[in-house]
Structures are given as C-alpha cells and as structure tokens.
Amino acid sequence: MVDFIQMVVSGVAVGSSYALMGLAMVIIYKTSEVPNFAQGEMALVTSFVTMMLLTTFGYPVWLAFCLAFVFAAALGAFLEFAVLRRAKNPNILGTIVITIGLEMVLLGLVSWKFGAEQKTMPFPIGPYDSFIIGDIFIAKLEALTLVSALVLMALLFFFFRYSRLGLAMKATQQNPTAAKIVGIRTNRIMMMTWGISSVVGATAGLLISPVIMHPFMMWDPMLKGFAAAVMGGMTSLPGAVVAAYMLGIIENLFGGYVSIEFKSVVAFAIIVLVLCFKPSGLFARHYVKKV
Amino acid sequence: MFFDRITAFFCLAAVFFILTANTINKYDCKNTFDNELFTHQKVLPMDMKRNYYEDVQLVTSPVVFFWLILLFVFLVVFPFIVGNYYVYVANYIAINIIVAAGLNLLVGYTGQISLGHAGFFAIGAYGTVILMAKAGLPFLLALPCSGLVAAGFGFLLGLPALRLEGPYLSIATLGFGLTITQVIGRITLFGGREGLHAPDIVIGSWIIETDRQFYFLLVFITVLLLLGMRNLIRTRVGRAFIAIRDADIAAQTMGVNIVFYKTLAFAVSAFYAGIAGGLYAFVLKFIEPEMFTLMMSIMFLAMVVVGGQGSLMGPIVGAGLLCWLDLKLRNILDIPFLGDWLETLSMSWFSITGVSNIQYVVFGSIMVAIMLFEPLGLYGVWLRTKRYWRTWPF
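Top to bottom, those sequences are chains A and B. Those letters in the first sequence? Residues 2 to 292, by our numbering. Those letters in the second sequence? Residues 4 to 397, by our numbering.
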C-alpha cells in the first residue's frame, strides 16, 4: 500500500511538469491553432539563460528568476512576431513544420553554446532534499512543482475567465475576423499569448533543470505534455491538466507494477488508445469540421 | 581548375536564372500562378495536352526522353568516376529518396501527417536482417516481405488515423514511432541494445560486398519504386488520394471510399519506408534501435517539405539536398573558409565542443525559411523559374 501511494505521489509530481508543458501548448493552440513543438526548447533556452545568469554573472536567485521570466515572455513574443506571423496562411502541416524548425534552431543554438554534457543548475532546492509524511517520501522539488503548477492553473483559469485580455484571447480564437471588427488587436493578442505560454513552459523547464540539465532535457516533458494536451482535447485547459496527471500516475504505476522498461512509451500507447475511441480528446466538445 | 570554372559558371547562371524568375515575375501574375500551383495543373501553353494518350504517356516529349537517357547514363557511369566515399553518399541519398517519396504520398498527396516514419524504417531494416539471418530467406524475398510487414503496420496505424487530423494525428504517429524503437530495443531476438549485423547479400551467383556493387542494386530499386509512385499517382487511386487531400468530405460525397484510401495511403507509404529501411541496413552493415529516433522522422518530413510536397521531383531534390548537407555538416570545421570562421566564432561566443550541433540550426532554419517564403518547396522555385523563362520576353 505504501508503495502504491509512493508511486501515485511521484506520478503526481511528474504529472505536474507534464501539466505545465501541456498548459503552455494548449494556451497557444487555443488562440492560434498552432501545435507548438518549439515549446520545450523555448523553456530549454530560458533554463540555460537562467543558469548563465546564476553562475556566470552571479546574480541573486530572485533577480535571476525574475529576469528569466521576462526573458521567456520576450522570447515567446519574439518568435511569434518574427516567424509565425510571417507565414502566409499556413495549413496545419505548415505550422507543425515551422515550429519543429524553430525547435531545431533553438536546440542547436543551446547545444552549440553549452555542449551536450550534463550541467548543474544552482537551484536553491537540491534534487534530493525531501521530507517524509507518514511513510511517504516527497522531494521538496516535486512539492514545489505541484504547488507552482496548481497556482499557475488557478491563475490561468481566472485569467481566461475574468480578465479583459483573457476574454480577448478567447474571442481571437473563436473568430479572428469578428474579434478584429470589435477592436481587438489580434496580432498583439497573439504575441501576448506566446509570451504567456512561454512563461508557463519556462516554469516547467526551471523546475526540471535541477534534476536533469542537458540540451535534450525538455524532449520527454514536451512530448508527454503535448500528449496530455491532445488527450485533453487540445483546447481545454482543465482537460490538459487532468490528462497530464493521469498520464503521470499511470506511467509511474505501469513502471512499478508491469514493466519499468516500457515506462517511457506507455503514455503514447494510452493516447493512441484514447484517440481511437475519442478522436477529439477526452474533454473537448465534439469537433465539427467546417466544410 | 578548368572544371572548377565550368562549375562556377553553371552555378552563377543557375542563380541568375532562378533569381530573375523569382524576383521579377513574382508579383506580376502571383494570383494566377498560385492557383495553378495549388491545383497542380501546369496550364502552360507548351504543356497543353492534345489527346488522351498524352495523359498516360510516361515520357511526354523527345526533350524529356533525351534528359532521361542522359540521367540513366550518368547513373550508370557515376560510381566509376568518383571515389568510394561519394558512392556511399549516393547510396545514402538514394535510400532517403525512397522514404521521402513514400512519405510524400502520405503528406503531399493524401494530406496526412506522419512523424513516425522512422518506425516503419526500423521495421523494414530489422525485418530484412532477421528474415535473412535467422530465417535464411534470400535477400530478394526478405526485402519485399519486410516491406509488406511495414505496410501491415502502416495499415494498423492508418486505422486510428481515419478519425484524426492535425495535432491529434501528429502525436499518434509520433507515439507510434517512439514505441516501435523501444519495443525493438527490448526484444532479444532483435539483438536488443547491441544491434544486429547485416549479412552479405547474395543474388543468384552475384555476391554484393562493396558499396559500388550495392549502388547498382539500390539505384535499380529506387528507379523502380519511383516509377511505381509516378504511375500510382496518375491512376484512379492517386486521384482519390489527391481528392482526399483537397477536401475529404467532398471526396466522400463523390464516392471516394475514404476508409480504404486513407489506410491504403498509410500502407503504401509504410511499404516504401520499410523497403528503404531494409536497404539502409546494408549500407551501414549494422543496425541498432538507437538509430531510429524522432529526429530521423523529422528529417524525413523535412525532406518532403523542403523539396516540395505533392510532386515527384520534390522529395528527390529535398532528400538529396538534406542528406548531402547532413553528411557535410558532420565535419563542419573542415569546410574551407566557413569552417575557420565558425571555429573562431565558437571559440569566442559559443563552445567548440558543441560545434557539430550547428547542423540542427541549419536544418531548422531551412525548414522555417521554406515554410515562410516558398511553401511549395524547391519544386515551387523550379516551376516558377521554368514558367518565367519559357515565356521569357513576355
């Protein structure tokens, strides 16, 4: 029983980082219908920049993290402005290819700059600091991931529900032309969306970086986050979160009880199964195609 | 020296022709031109069809016939005039051409997305080697068999793909590709993580040992498969694929059986990838599961997109260009001038250990640039150039 709870707890922790990546992708997909494969690498760049700020420049932690979030927002906004906006009515394949291209450029730049070997992030909480509740070990970092994921989710929920900017984003997604007519600057909204999404992704990146830090560290969380987003329906924020936690927990239980070897791919098998029965994800309203 | 000058002259001439056609003419008749490109009907005056037989012809004019003969002569002579390394490069490119052509059937003609072709590639490679080494089948039987196995998996993947599109389809295929390599890596029959050695190919009394001998077999298979693709596209099946790409619901109302044709597209595409994988095992002589990564699938997709989706020439050009770049960029510091400059740049701004990762930057930039400036890829550039110079003074 203790094993089971332990696995679920670490599943929840892993799920939190998937959830953050999934949220970041959903935010962009909601507004611009771009499945952003560059999400992980945007977070990667931010993590490495933070590491540089902390080690090379010796900034204090709070300042480095504030600068990192500003950088993440600027990076996201810049990519939208410089690349995605320049595409001439791209179809879905076009956007996938563009974001994969961006991903490769960012990945190449980071690994060119820092080399491929493992780095250490001078994070205030070490990866092995933990506390014990009953018989369950909880790493402090996992707890922090969970808390920040929950806080960000709540913030995003209220943001999309109540703030003017969030409503404008919803409007842009539902009908760009009508949004333009009522006076929403859709271009600027897109930029802000990318900025916000990049910050959410960067949070995940920063929380993963104390454990593993090398240029390919974001591939797995990004793909799992994307899988969770797709499973949740690609446009639903709660859907992505629930699916991410499901994937995290199932993955860990599968690793514990069935086979540790296939742990990393069970998530994909699950989403292929889910998509067989619910082709538009678990939580999306039924997807109707415009002819 | 003399040959260098001739090459330089031809390069400059090509740049001139392409630039004029793509800068001057671009804005004149942009709309009509784009429409033509998207419907893929070349309604140039010289391309007018005069009778139905011309639709079926493989070789449309004496000029094309002449160039075709020249191409075949070149292909035959090529391995004798260059060194071993370039024969290897040619083999590598030919294999990627087969995969790219197969993927193009799916992406360019049927309008589906696949980020899992490395999986089919792996199935083909492992299937061929295992059928030959463990089951003792001859190469000429093992290769199509493993192609068919890959096609079977393509059919299976095509089933969920029927109801999926866009990001849903991309993550499903991506997951398939990743899962296949994981599964192969865990099964001891497949050599596990240590990989497998490819046996020698024996066809009748012909034992293939060198790259040069393998080149002829490979070129023969490539040409055969490309011809098959060209003919497939022009049949009822090919037209059904194109109809599904352009508007699947409309195609369904016209009586195109979407279930059948979509799964068929996946199966045929997987067949091509499987055959290419089977051949790839013999180019490298050694296969291991770590080779068939997501990056490989991405590169296959990049070849199709860079060359030009929905054309036969596109994947050929794209595969040629990207493979050549790939092999060149592996030792990027050996390139004259550029290498030295990159070395100093890396020393002062980046790290010298990570310099080989510039290839990611290059490939990524190419993909982004193609999508932004020329969504139809290099084939679109070629069409535009051809059109401009055919009707030149006008």
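Where is the CB? At the ideal position from N, CA and C, for every residue including glycine.
Judged by their CB atoms, A153 of chain B and A284 of chain B are not nearer to each other than the 7 Å cut-off. For Y30 of chain A, the closest of A:G233, A:D130, A:V9 and A:P216 by C-alpha to C-alpha distance is A:G233.
Counting along the chain, the unbroken alpha helix (DSSP H) around S199 of chain A starts and ends at T187 to I209. Counting along the chain, the unbroken alpha helix (DSSP H) around F158 of chain B starts and ends at F142 to A164. A322 of chain B and W209 of chain B have their C-alpha atoms roughly 29 Å apart. For V222 of chain B, the enclosing alpha helix (DSSP H) stretches over residues D214 to R237.
Scanning the region 334 to 391 of chain B for uninterrupted alpha helix (DSSP H) segments of 4 residues or longer gives 341 to 351 and 361 to 376, listed from N- to C-terminal end. Sequence-distant partners of F158 of chain A (beyond 5 residues in either direction) whose C-beta falls short of 7 Å from its own C-beta, in its chain, are L238. Within the region 107 to 121 of chain A, the residues whose Cβ lies closer than 9 Å to some Cβ of chain B are L107, L108, G109, L110, V111, S112, W113, K114, F115, G116, A117 and E118, listed in chain order. In the three-state DSSP reduction, A140 of chain A falls in the strand class (E or B).
Listed along chain B, the residues sitting closer than 9 Å to F263 of chain A by beta-carbon distance are T182, Q185, V186 and R189.
Taking a Cβ-Cβ threshold of 8 Å, none of the residues of chain B is close to G249 of chain A; the smallest such distance is about 16 Å. Between F138 of chain A and I197 of chain A, the alpha-carbon positions lie close to 33 Å from each other. Taking all protein chains in view, the Cβ of E252 of chain A is crowded by 16 or more other Cβ atoms within 10 Å, so the residue is classified as buried.
The contact set of P163 of chain B on chain A, defined by CB atoms closer than 9 Å, consists of V273, L274, L276, C277 and P280 in chain order. Shown here, V205 of chain B sits in a strand according to DSSP, grouped into three states. For M374 of chain B, the nearest beta carbon of chain A is closer than 7 Å to its own beta carbon.
In the DSSP assignment, H200 of chain B forms a beta bridge with B:F289. Your pair I101 of chain A and M370 of chain B checks out as a contact, with CB atoms roughly 7 Å apart and the cut at 8 Å.
DSSP places I133 of chain A inside the beta strand (DSSP E), whose first and last residues are S131 to I134.
Distance from the CA of M43 of chain A to the CA of A73 of chain A, rounded to the nearest whole angstrom, comes to 7 Å. In the three-state DSSP reduction, I116 of chain B falls in the coil class, being neither helix nor strand. V308 of chain B has a beta carbon lying within less than 7 Å of a beta carbon in chain A. L172 of chain B and I116 of chain B do touch by the CB rule: their CB atoms are close to 5 Å apart, below 8 Å. A check of alpha carbon separations from F5 of chain A across A:D136, A:G116 and A:T204 identifies A:D136 as the nearest. Taking C-beta atoms as the reference points, L379 of chain B and G281 of chain B fail to come closer than 7 Å. Leaving aside the five residues that flank A230 of chain A on each side, the residues in its chain whose CB is nearer than 6 Å to its CB run, in chain order, G23, M26, V27 and A241. Put simply, the CB of V371 of chain B is near chain A, with a gap under 7 Å to one of its CB atoms. Within the region 89 to 102 of chain A, the residues whose Cβ lies closer than 8 Å to any Cβ of chain B are, in chain order, K89, P91, I93, L94, G95, I97, V98, I99, I101 and G102.
Taking the beta carbon of I361 of chain B as reference, the chain A residues within 8 Å of it are G109 and W113, listed in sequence order. Within the same chain, Cβ atoms closer than 8 Å to the Cβ of D203 of chain B are found at I210, I211 and E212, the five residues on either side in sequence being excluded. DSSP places I210 of chain B within a strand segment (E or B) once states are collapsed to three. Every alpha helix (DSSP H) of 4 residues or more that sits fully in the region 239 to 285 of chain B is shown, in chain order, as 239 to 249 and 251 to 256.
The C-beta of L142 of chain A has 16 or more other C-beta atoms within 10 Å across all chains shown, which makes the residue buried. Taking C-alpha positions only, S265 of chain A is separated from I213 of chain A by approximately 16 Å. Within 8 Å of the CB of Y30 of chain A, the CB atoms of chain B belong to P170, in sequence order along the chain.
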